[in-house]
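Numbering (this note's numbering), first residue to last: 152 to 401.
Comments concern the structure below.
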């Protein structure tokens, strides 16, 4: 079911908006509607929405769904009534080439690397628990090519957990449920690290933290899990914690 909207004073519409620049074109998504803006001609080229399948405005609150550009295609999550799906759009026209929602929902934005398309998918194997799986999709058809279990956690988000996926050289980094997981490009986990964090029912300031995927630079992973109130730096090869610092105003 849908969760309650964010507190008054939070610019939730802006926090849920994503803009991706590619040359003269800006690809804009508000999670329900994807558009392409020509910055030279100063006009919208195309726009495509979900129509009657559009999800609730306050579902997955404050979680943007950022498009990924790969060749002549745009891969993007879209928020449907049944939960986030993954879709492929034609960059030139916005034509929907395919749309998929395996299991309960597509939990993370996609990553396209070395010709492979990945996203984290969430299932609900038992009441009160969520299972996260690294899922490989065929870029041309959306067919599920592979699924590898990552971890299971208690459902403390009303089945709408924040989840982020980032690319490291030859690896994928997942941040969800207070965990950081490193996988190879077959989706197989290499290491997992847990953070001390507060669930949203306890952390009254969780809405002030902007959702961002981990940052990978020079063999290190920098991340701040929702509710953790600290920035951590890990070695990308081993997952060893190099340092941590309290977040400002934490």
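Virtual Cβ for every residue (Gly too), placed ideally from N, Cα, C.
Please read all numbers here as calculations on a predicted model, not as lab measurements.
Helix, strand or coil for residue i, going by three-state DSSP, please let me know.
i: residue 299; result: strand
i: residue 206; result: coil
i: residue 163; result: helix
i: residue 310; result: coil
i: residue 342; result: strand
i: residue 211; result: coil
i: residue 256; result: strand
i: residue 362; result: coil
i: residue 250; result: strand
i: residue 315; result: strand
i: residue 152; result: At residue 152 the pLDDT is 45, less than 50, meaning the model places this residue with poor confidence; the figure from the coordinates comes in the next sentence. The answer is coil: DSSP assigns residue 152 none of H, G, I, E or B.
i: residue 389; result: coil
So residue i and residue j are in contact, right, with Cβ under 8 angstroms, and what is the actual spacing, rounded?
i: residue 344; j: residue 299; result: Incorrect: roughly 18 angstroms between the Cβ atoms, too far for contact.
i: residue 313; j: residue 362; result: 6 angstroms
Leaving out the 5 sequence neighbours to the left and right, which residues in its chain are closer than 6 angstroms to residue i when beta-carbon positions are compared?
i: residue 290; result: 268
i: residue 401; result: Bear in mind that a pLDDT of 48 at residue 401, under 50, signals an unreliable position, so the model cannot answer this.
Mind checking who residue i pairs with in its DSSP beta bridge?
i: residue 183; result: According to DSSP, which records beta bridges pairwise, residue 183 is partnered with nothing at all.
i: residue 191; result: Paired residues: none, contrary to the question.
i: residue 241; result: 224
i: residue 395; result: 383
i: residue 294; result: Answer is none; residue 294 lacks a bridge partner.
i: residue 323; result: 318, 334
Check whether the Cβ atoms of residue i and residue j lie closer than 9 angstroms to each other.
i: residue 240; j: residue 232; result: no
i: residue 387; j: residue 333; result: yes
i: residue 303; j: residue 282; result: yes
i: residue 178; j: residue 164; result: no
i: residue 218; j: residue 185; result: yes
i: residue 264; j: residue 225; result: no
i: residue 365; j: residue 317; result: yes
Skipping 5 residues on each side, what residues in its chain have a beta carbon closer than 8 angstroms to that of residue i?
i: residue 288; result: 237, 251, 261, 268, 269, 270, 294, 295, 296
i: residue 275; result: 255, 281, 282, 306, 310
Quick one: residues in its chain with C-beta nearer than 7 angstroms to the C-beta of residue i, no 5 flanking neighbours on either side, listed in chain order?
i: residue 383; result: 346, 374, 392, 395
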